[in-house]
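Presented below is the structure to which this report refers.
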Amino acid sequence: HIIDHCCWMKDAWPVKAQALGGRHYRGNCVDQNFDVYAVEYTFDDGAKLFMDGRCMAGCENIYKSFAHGTKGGAVVSARGDCGLPSRIYKGQNPEKDELVWESDVPRDQRNPYQNEWNDLIDAIRNDRPYNEVERGVMASVTSSLGRFAAHTGQEVKLEELLNSDVEYAPNADKFTMDSPPPVKSDAEGKYPIPQPGLKPDREY
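Remember, the numbering used here sits 4 above the position in the sequence shown when you count from 1.
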């Protein structure tokens, strides 16, 4: 969601990404993901979006987004997907004496999930089109772009990802309850994991 709202602020989607990630200690986890990801997204005008993610128990819990510019910085989301309040500072450090502006959102508009429902119901009641499919798809594709870059160890362009022959779920349109899973474990019950550089065109 943070990737999505940062792209919404930019009013654009990244055209490429390069990233890194790693597995530190997975215990009995048999999943295929990294513990940490660091992605550098690049937009068509050269602007950057940096996303750092860590899913490790016992570590500092940070779920925020920031913006930095030549005239100051901002806290976009203070906590969570849309954590209020957003703030603008005249310097790069989010300190009280540097505060220029702070959002003041009406109480009945502070829940982003309820806001989505309000917009949808309003569109239905007033017979207006309401379609978030393209935005939802592009938000997911942008996340996949970063993950693909981390798992392969390559700089990946958006067009390359969209035109890739990689099938995450082959024949998904023909799935039944008896269909084999798209990814299977080995004899030890372990699933294939990313090998950046060794598998430059596949995630696993």
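All residues carry an ideal CB built from backbone N, CA and C; glycine is no exception.
Inset, instruction - Can you say whether Cys59 is buried or exposed, counting buried as having 16 or more other CB atoms within 10 angstroms of its CB? - result: Position 55 of the sequence shown, counted from the first residue, corresponds to residue 59. The Cβ neighbour count for Cys59, taken over all protein chains shown within 10 Å, is under 16; the residue is labelled exposed.
Legend entry - Unbroken alpha helix (DSSP H) run spanning Ile7, endpoints: What you label residue 7 is simply residue 3 of the sequence shown in a count that begins at 1. Start and end: 6-14.
Legend entry - Residue ranges of each beta strand (DSSP E) within the stretch 44-71, 3 or longer: As far as the stretch 44-71 is concerned, its whole beta strand (DSSP E) runs of at least 3 residues are 52-58.
Inset, instruction - For Val160, count neighbouring C-beta atoms within 10 Å of its own C-beta (all shown protein chains included) and say buried if the count is 16 or more, exposed if not. - result: The residue labelled residue 160 in the question sits at position 156 within the sequence shown. That one is buried.
Inset, instruction - Evaluate the contact criterion for the stretch 9-29 versus the stretch 38-48: three or more CB pairs, one atom per stretch, below 8 Å. - result: These segments touch.
Inset, instruction - Would you check if the distance between the CB atom of Ala127 and the CB atom of Tyr134 is smaller than 7 Å? - result: Position 123 of the sequence shown, counted from the start, is the residue given in the question as residue 127. Position 130 of the sequence shown, counted from the start, is the residue given in the question as residue 134. When the beta-carbon positions are compared, Ala127 and Tyr134 come within less than 7 Å of each other.
Legend entry - Burial state of Ile92 (16 or more Cβ within 10 Å): Numbered from its first residue, the sequence shown carries residue 92 at position 88. Its Cβ being crowded by 16 or more others within 10 Å, Ile92 is buried.
Legend entry - Buried/exposed call for Trp17, threshold 16 Cβ in 10 Å: The residue you call residue 17 lines up with position 13 of the sequence shown. Counting Cβ neighbours within 10 Å, Trp17 comes out buried, since at least 16 surround it.
Legend entry - Backbone CA spacing between Ile66 and His72 [nearest angstrom]: Here residue 66 refers to the residue found at position 62 of the sequence shown. Here residue 72 refers to the residue found at position 68 of the sequence shown. Rounded to the nearest angstrom, the gap between the Cα atoms of Ile66 and His72 is 18 Å.
Inset, instruction - Could you check the C-alpha separation between Glu106 and Leu149 for me, to the nearest Å? - result: Numbered from 1 along the sequence shown, position 102 holds the residue referred to as residue 106. Numbered from 1 along the sequence shown, position 145 holds the residue referred to as residue 149. Using only the alpha carbons, I get a separation of about 33 Å.
Legend entry - CA-to-CA distance, Val187 to Ile7, given in whole angstroms: The sequence position of residue 7 within the sequence shown is 3, counting from 1. The sequence position of residue 187 within the sequence shown is 183, counting from 1. Near 27 Å, if we compare the C-alpha coordinates of Val187 and Ile7.
Inset, instruction - For Val79, count neighbouring Cβ atoms within 10 angstroms of its own Cβ and tell me buried if that reaches 16, exposed if not. - result: Along the sequence shown, read from residue 1 onward, the residue named residue 79 stands at position 75. If you draw a 10 Å sphere on the C-beta of Val79, you find 16 or more other C-beta atoms in it, and that means buried.
Inset, instruction - May I have the straight-line CA-CA distance separating Val137 from Ala143, to the nearest angstrom? - result: The residue given as residue 137 occupies position 133 in the sequence shown. The residue given as residue 143 occupies position 139 in the sequence shown. Distance between the alpha carbons of Val137 and Ala143: 10 Å.
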